[in-house]
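*Asks:* What follows is a single structure, and I will ask about it in a moment.
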Amino acid sequence: MIAASLEDIAVAGDGNQFLALLKTDAGSILPIFIDAFQAISISAGRSGDDPGRPMTHDLILSMIELFGAKIDRIEITDIVEGVYFAMLVIERQGVNFEIDARPSDALAVAVRSQAPILIAEHVVEQNALVDDYGGNAFEA
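In terms of this note's numbering, the sequence shown is residues -18 to 121.
Here it is in structure tokens:
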């Protein structure tokens, strides 16, 4: 697994789609398409904005914590026919539990819990954007 961080949320195409841009420690960028609701949730969680009432991802994190568990990490595990797969790895009393999740949901929970983001090596090798000139692949 390769460590990564959420670099940015970018608007894609006609503005109805968004990209979560994950940056590996080596500087590669992995773009993942997400919908508008997920983009808003990830951005709100990342900035620490208080929506007044809990959003779905706040609720999930509250439930996990209520049961004495914590988010250990999230993993982007695979991509099949253009669809990414992810897992929430939850730790409770020294035991890890893996829960299947959409990458966008996993990222929304990760930014709220400051959980590490890991990406399977084959996913990075096959899908990451690399700028051979040392800059960000999305800079003009």
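Using N, Cα and C, we set each Cβ at its ideal position, and we do this for glycine too.
Predicted model, so just to flag it, every value in this text is computed and none were measured.
How far does the beta strand (DSSP E) with GLU79 in it reach, from first residue to last?
*Replies:* Counting from 1 along the sequence shown, the entry for residue 79 is found at position 98. GLU79 -> beta strand (DSSP E) spans 76 to 82.
*Asks:* Please state whether the Cβ-Cβ distance between ILE98 and LEU3 is less than 8 Å.
*Replies:* Numbered from its first residue, the sequence shown carries residue 98 at position 117. Numbered from its first residue, the sequence shown carries residue 3 at position 22. Yes; because the gap between Cβ atoms is below 8 Å, this pair is in contact.
*Asks:* Quick test of your reading: HIS38 and ASP86, contact by CB under 8 Å. State the CB separation rounded to the nearest angstrom.
*Replies:* As a working note, residue 38 is residue 57 in the sequence shown. As a working note, residue 86 is residue 105 in the sequence shown. Indeed, because the Cβ distance is near 7 Å, the residues count as touching under 8 Å.
*Asks:* Alpha carbon to alpha carbon, how far is ILE15 from ASP6?
*Replies:* On the sequence shown, residue 15 is found 34 positions in, with the first residue counted as 1. On the sequence shown, residue 6 is found 25 positions in, with the first residue counted as 1. Roughly 22 Å separates the two Cα atoms.
*Asks:* Is it true that the region 47 to 55 meets the region 63 to 80, where meeting means three or more beta-carbon pairs spaced less than 8 Å apart?
*Replies:* Taking 8 Å as the limit for Cβ pairs, the verdict is that the region 63 to 80 does touch the region 47 to 55.
*Asks:* Quick check on the DSSP output: the alpha helix (DSSP H) that includes GLU106 runs from which residue to which?
*Replies:* Numbered from 1 along the sequence shown, position 125 holds the residue referred to as residue 106. 102 to 108 is the span of the alpha helix (DSSP H), which, as asked, contains GLU106.
*Asks:* Using the Cβ count rule (16 or more neighbours within 10 Å means buried), how would you classify LEU0?
*Replies:* The residue given as residue 0 occupies position 19 in the sequence shown. Its Cβ being crowded by 16 or more others within 10 Å, LEU0 is buried.
*Asks:* Determine the burial state of VAL92: buried for a count of at least 16 other Cβ atoms within 10 Å of its Cβ, exposed for fewer.
*Replies:* For the purposes of this step, residue 92 is identified with residue 111 of the sequence shown, where counting begins at 1. Flag for VAL92 reads buried.
*Asks:* Please name the residue or residues paired with ARG132 in a DSSP beta bridge.
*Replies:* Lying before the first or after the last residue shown, residue 132 is absent from the chain, which here runs from -18 to 121.
*Asks:* Nearest-angstrom Cα distance between GLY33 and ALA25?
*Replies:* The count along the sequence shown starts at 1 and reaches residue 33 at position 52. The count along the sequence shown starts at 1 and reaches residue 25 at position 44. Each residue's Cα considered, the two are about 12 Å apart.
*Asks:* Going by alpha carbons, who is nearest to THR58 out of LEU11, ILE21, ASP30 and PHE18?
*Replies:* Here residue 58 is taken as the residue at index 77 of the sequence shown, counted from 1. Checked all of LEU11, ILE21, ASP30 and PHE18; the closest Cα to THR58 is LEU11.
*Asks:* What are the partner residues of PRO12, as DSSP defines its beta bridges?
*Replies:* One-based indexing of the sequence shown puts residue 12 at position 31. Looking at the DSSP assignment, PRO12 forms a beta bridge with LEU2.
*Asks:* Which residues bound the beta strand (DSSP E) around GLU62?
*Replies:* Residue mapping note: residue 62 aligns to position 81 of the sequence shown, counting from 1. From DSSP, GLU62 is part of no beta strand (DSSP E); its letter is neither H nor E.
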